[in-house]
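For reference, the structure discussed in these notes is given below.
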Amino acid sequence: MKLTEITIRHLQMKLKSPFATSFGTLENRDFLVLEAKDKSGTIGWGESVAFRAPWYTEETMMTNWHMLEDFLIPLILNKKLEHPDEVSNIFSPIRKNNMAKSTIEGAIWDIYAQQTNQSLAAALGGSARRIEVGISIGIQRTTADLIQLIHQYVEEGYKRIKVKIKPGKDVQIIRALREHFPDLPIMADANSAYSWEDLDTLKQLDEFNLMMIEQPLASDDIVDHAKLQKELKTPICLDESINSLEDARKAVELGSTKVINVKIGRVGGLTEAKRIHDYCAEKGIPVWCGGMLESGIGRAHNIALTSLANFTLPGDTSGSDRYWEKDIIFPEVIADDGYIMVPKKSGIGYEIDQETIEAFTVNKKHYR
Ligand code: OSB
Ligand code: MG
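Residues 1032 to 1399 in the working numbering are what the sequence shown lists, from first letter to last.
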């Protein structure tokens, strides 16, 4: 493989309903899509999952564009590659900026899978025919609204429900959900909204039989997460804290986490995601694939990754219709009774809807 041309686009897509977390509310999803052309003409697609603002991690859509244009694209254009696993070495002179790196690496995996005539899932070593998925629900105005939404998604067949919590919007709400849905697999995601001072509140969540509590404390704090896990029965799942295999190893060794949310962008690409998966399988730590409100391109990569054997818990990759009036791939991603079929076609396994991509494009630039 050798990339000879790259196009970056800034897309803006309106979410069907605003998504509220402990940091604020998102109405439009702004993100980058990267199209890479190999010398043979094969085209691969990648998505940057960074947001407009740096609330989830420090990266943004525009820092990604800067890193891509000024550092990553110059390192990769016209460089000969045998396998996508080499990309992380080529990018190793650049510190962090994992979502930016992952944008190109994802497109290279797509090209590699196409050229070796296999699905991206198969190229990664995944064998599941279908994956089990859940849904992540943003903070709602009232608990009644939340309960109604959960009813709707449970009826659609989603296998587990994740709700966002923050201080003041936690114990009461979870108690109400548990009363209403005694046996439903429920988990709570705090996106780092708590600190050690909130120990009492977090301990109160222990009585509701949650599957796990996701990232309660600061993203750079695996020490207090280890202390907290000793105080809780509920398993802690780290999201923002895990940016590499090394982070995963340290968090597991310290006892800071019993489950890991793997996000391709956050860990710098599919190769690193697979390494974390393999390590966790060896250690008996279940993993699941997190979501970043992706378009169909990012969603396709998530589906392929989730086909690996240790993705034993339902992930955040819901159907396209949960986010968008119209997605940029076809067919759109369909979650039927909480399952998504893993595409068998080569590469990411979905066609790119060029017209729709063009319609959502705010800005684009070509590199060669
Ligand atoms: O913390 O998992 C998260 C969305 C944006 C940023 C961070 C998170 C989320 C979600 C939704 O929980 C996942 C999705 O539906 O794609
Ligand atoms: Mg999370």
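Backbone N, C-alpha and C define an ideal beta-carbon position, used for all residues, glycine too.
Any non-hydrogen atom of the ligand OSB within 7 Å of residue i CB
i	result
Asn1406	No answer is possible for residue 1406: the residues shown for the chain start at 1032 and end at 1399.
Asp1358	no
Ser1338	no
Tyr1189	no
Leu1063	no
Tyr1398	no
Asp1201	no
Glu1325	yes
Ser1349	yes
Tyr1370	no
Tyr1087	yes
Ser1167	yes
Lys1264	no
Lys1047	no
Lys1261	no
Lys1111	no
Lys1375	no
Lys1197	no
Lys1193	yes
Cβ-heavy atom distance, residue i to the ligand MG, below 7 Å
i	result
Asp1251	no
Ile1270	For the record, residue 1270 in the displayed sequence is Asp; it is not Ile. Yes.
Glu1136	no
Gly1321	yes
Glu1186	no
Asn1129	no
Glu1245	yes
Asn1240	no
Asn1292	yes
According to DSSP, residues forming a beta bridge with residue i
i	result
Met1218	Lys1193
Met1323	Met1323 pairs with nothing; no bridge assigned.
His1041	Leu1063, Asn1394
Asp1069	Leu1034
Ala1051	Thr1056
Ser1351	None, per the DSSP bridge assignment.
Ser1150	Gly1378
Val1269	The question names Val, but residue 1269 is Leu in the sequence shown. Answer by DSSP bridge pairing, in chain order: Ile1291.
Gly1078	Residue identity differs from the one stated: residue 1078 is Glu in this sequence, not Gly. According to DSSP, Glu1078 bridges with Val1064.
Arg1306	None, per the DSSP bridge assignment.
Gly1165	For Gly1165, which the question treats as bridged, DSSP gives no partner whatsoever.
Ile1093	In the sequence as presented, Ile is not what sits at residue 1093; that position holds Met. Answer is none; Met1093 lacks a bridge partner.
Val1318	Ile1291
Phe1361	Glu1382
Met1372	Arg1161
Lys1200	Lys1197
Asp1367	Tyr1370
Glu1245	Asp1220, Cys1268
Gly1346	Val1164
Supposed contact pair residue j and residue i - C-beta distance, whole angstroms, cut 8 Å
i	j	result
Asn1095	Ala1131	4 Å
Gly1327	Asp1358	4 Å
Ile1334	Ile1360	With 8 Å as the limit, Ile1334 and Ile1360 do not qualify as a contact, their Cβ atoms being about 11 Å apart.
Lys1375	Ser1150	6 Å
Met1218	Ile1142	Between Ile1142 and Met1218 the Cβ distance is about 36 Å, and since that is not below 8 Å, they are no contact.
Gly1300	Ser1133	4 Å
Asn1222	Phe1054	6 Å
Ser1377	Asn1148	6 Å
Leu1248	Leu1259	7 Å
Glu1090	Asn1120	In fact, because the Cβ distance is near 21 Å, the residues do not count as touching under 8 Å.
Lys1290	Pro1317	One point to set straight first is that residue 1290 is Val, not Lys, in the sequence displayed. Val1290 to Pro1317, Cβ: 5 Å. Contact.
Ile1135	Lys1396	With 8 Å as the limit, Ile1135 and Lys1396 do not qualify as a contact, their Cβ atoms being about 14 Å apart.
Asp1220	Gln1183	That belief does not hold up - the Cβ atoms of Asp1220 and Gln1183 are roughly 19 Å apart, past 8 Å.
Phe1050	Thr1056	7 Å
Leu1106	Asp1069	That pair is no contact at about 16 Å.
Glu1356	Lys1047	6 Å
Quiz item: With a cut-off of 8 Å, do at least 3 Cβ pairs link the region 1066 to 1081 to the region 1194 to 1213?
Solution: no
Quiz prompt | At least 3 beta-carbon pairs within less than 8 Å: the region 1291 to 1308 vs the region 1040 to 1051 | solution = no
Practice problem: Count the CB pairs spanning the region 1151 to 1166 and the region 1344 to 1358 that are closer than 8 Å, and state whether there are at least three. | Solution: yes
Quiz item: Pairing CB atoms from the region 1268 to 1276 with CB atoms from the region 1242 to 1260, are three or more of them under 8 Å?
Solution: yes
Quiz item: Going along the chain, which unbroken runs of the alpha helix (DSSP H) with 4 or more residues stay wholly within the region 1097 to 1130?
Solution: 1104 to 1107, 1118 to 1121
Quiz item: Using 8 Å as the Cβ pair cut-off and three pairs as the minimum, do the region 1202 to 1215 and the region 1170 to 1177 touch?
Solution: yes
Quiz item: Quick check: the region 1280 to 1290 against the region 1209 to 1217, are there 3 or more CB pairs under 8 Å?
Solution: no
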